[in-house]
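Anchor point for the sequence shown: position 1 equals 1 in the working numbering, and the numbering is continuous, going up by one each time.
The beta carbon of each residue, even a glycine, is placed where N, CA and C say it ideally should be.
Owing to the predicted nature of the structure, the values given are computational and were not obtained by experimental measurement.
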Amino acid sequence: MEEKKPVKKEQEIIYYQEDEIDLYELWLTLRKRWKVIAFTTILFFFTAVVYIFIAKPVYTSSFFVKIPGRYIKTGNSISRINLISAEETSRIISDLSANIQDKNYKKQEIPLKLPEDKIKNIKSITPSKIRGNKRLIEVKIESYKPSIIPDISKSLVSYLNSNRYVKRKIETEKEKLLMFIKESKNKLQEMEKTKKLIYKELREGNIKTLGFNPLDLDTKILNIKKEIAELEIRLENLKGFEISVEPTISEKPSKPKKKLILAISTASGLFLGVFLAFFLEWIENAGRRHKNNQTQ
Numbered sequence: 001m002e003e004k005k006p007v008k009k010e011q012e013i014i015y016y017q018e019d020e021i022d023l024y025e026l027w028l029t030l031r032k033r034w035k036v037i038a039f040t041t042i043l044f045f046f047t048a049v050v051y052i053f054i055a056k057p058v059y060t061s062s063f064f065v066k067i068p069g070r071y072i073k074t075g076n077s078i079s080r081i082n083l084i085s086a087e088e089t090s091r092i093i094s095d096l097s098a099n100i101q102d103k104n105y106k107k108q109e110i111p112l113k114l115p116e117d118k119i120k121n122i123k124s125i126t127p128s129k130i131r132g133n134k135r136l137i138e139v140k141i142e143s144y145k146p147s148i149i150p151d152i153s154k155s156l157v158s159y160l161n162s163n164r165y166v167k168r169k170i171e172t173e174k175e176k177l178l179m180f181i182k183e184s185k186n187k188l189q190e191m192e193k194t195k196k197l198i199y200k201e202l203r204e205g206n207i208k209t210l211g212f213n214p215l216d217l218d219t220k221i222l223n224i225k226k227e228i229a230e231l232e233i234r235l236e237n238l239k240g241f242e243i244s245v246e247p248t249i250s251e252k253p254s255k256p257k258k259k260l261i262l263a264i265s266t267a268s269g270l271f272l273g274v275f276l277a278f279f280l281e282w283i284e285n286a287g288r289r290h291k292n293n294q295t296q
């Protein structure tokens with residue numbers, strides 16, 4: 001019987017040697033083209049340094065705005081419903097931010113109640129909904145001057161309250177509450193007149209029997225007074241947009257992120273340098289093979 005040759009082991013050795021040769025060739029290519037890699041990496045690094053020095057520092061701050069709402073009494077419980085939804089509020093703020101970014105300063109100068117030089121220092125105004133909280137909305141402000149952030153937040157709230165849609169919603173709710181208060185007061189007056197009349201007739205003996213307990217009138221009058229008090233409180237609390245949490249101003253700018261920019265630019269320069277090194281080596285080898293084919 002013939003002995004079987006260890007073909008598998010020989011193939012593994014050949015493959016292993018080929019891998020070693022390929023890695024060694026790659027290393028030789030990198031060592032040969034190290035200047036290209038170093039130049040590309042340094043170029044990217046210094047470009048990032050120049051950008052960091054040229055770029056304007058941006059200061060970021062957030063504050064929370066309370067959305068106006070109305071209260072509804074269902075049984076013994078009172079629930080709150082927003083007059084303007086968080087989505088509608090975000091849309092109004094986003095439209096304003098888009099106009100600012102498009103440099104429509106003149107158009108927004110009066111509504112924002114800010115001079116043009118301050119509006120020019122606003123980089124962006126970004127609204128975002130808070131998960132699990134429909135009463136508040138978070139507004140992030142990016143500005144080139146941190147000192148104007150409080151003015152921006154106050155002016156933004158005034159801008160929201162001056163919106164026609166918002167004003168109409170609040171005025172409509174106020175009219176409803178005033179109408180309910182008026183109706184309840186008229187009802188209270190009628191009940192008090194009825195009470196006085198009944199007690200007068202009872203004292204004079206004109207009425208001997210009643211189909212109800214006179215004390216029930218007192219209970220109904222107290223309930224109406226309580227209802228009027230609740231309506232007046234709801235009317236008093238019915239306001240427009242308000243700042244719930246004031247913006248905090250950081251002394252350090254949030255952008256540009258120097259360390260991150262330097263790290264990304266250095267890594268990008270290194271990868272591009274390696275790619276250029278292999279690309280140049282491939283071009284050189286391709287040219288050499290082309291010349292050999294022509295001479296043969």
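When Ile42, Ser265, Lys182, Ile141 are compared, the shortest CA-CA separation from Val65 is found for Ile141.
Counted as a single uninterrupted DSSP element, the alpha helix (DSSP H) harbouring Glu88 occupies residues 86–101.
For Lys174, the closest C-alpha among the options Leu235, Lys195, Ser94 is that of Leu235. Note on geometry: alpha-carbon atoms of His290 and Thr29 lie some 20 angstroms from one another. The beta carbon of Ile81 sits closer than 7 angstroms to those of Gly69, Arg70, Ile72, all from its chain and outside the five residues before and after it, given in chain order. Per DSSP, Glu142 is one residue of the beta strand (DSSP E) stretching across 133–143.
Under DSSP, the beta-bridge partners assigned to Glu242 are Lys66. Counted as a single uninterrupted DSSP element, the stretch harbouring Asn82 is not any alpha helix (DSSP H) but the beta strand (DSSP E) occupying residues 77–82.
Pro146 and Ile249 have their C-alpha atoms some 6 angstroms from each other. At a Cβ-Cβ threshold of 9 angstroms, Leu270 and Thr40 count as neighbours.
Beta bridge pairing from DSSP links Tyr59 with Ser143. Residue environment for Leu178: exposed (fewer than 16 other C-beta atoms within 10 angstroms of its C-beta).
The three-state reading of DSSP puts Lys225 in helix, counting H, G and I together. Just so you know, the alpha carbons of Ile224 and Ser143 end up roughly 52 angstroms apart.
Counting every other CB atom within 10 Å of its CB across the protein chains shown gives Gly287 a total below 16, marking it as exposed. Put simply, the stretch 77–95 does not touch the stretch 117–124. Fewer than three CB pairs are less than 8 angstroms apart.
Just so you know, the alpha carbons of Ser162 and Asp95 end up roughly 15 angstroms apart.
Here Ser184 has Ile224, Glu227, Ile228, Leu231 as same chain residues with Cβ atoms under 7 angstroms from its own Cβ, once five neighbours each way along the sequence are excluded. Annotation: Leu188 to Lys200 spans about 18 angstroms, alpha carbon to alpha carbon. A residue is called buried when at least 16 other Cβ atoms come within 10 angstroms of its Cβ; Arg91 does not meet this threshold and is exposed. Residue environment for Gly205: exposed (fewer than 16 other C-beta atoms within 10 angstroms of its C-beta). Burial state of Leu114 is buried, judged by a 10 Å Cβ sphere holding 16 or more other Cβ atoms.
Closest in C-alpha terms to Lys154, from the list Leu238, Gln101, Phe63, comes Phe63.
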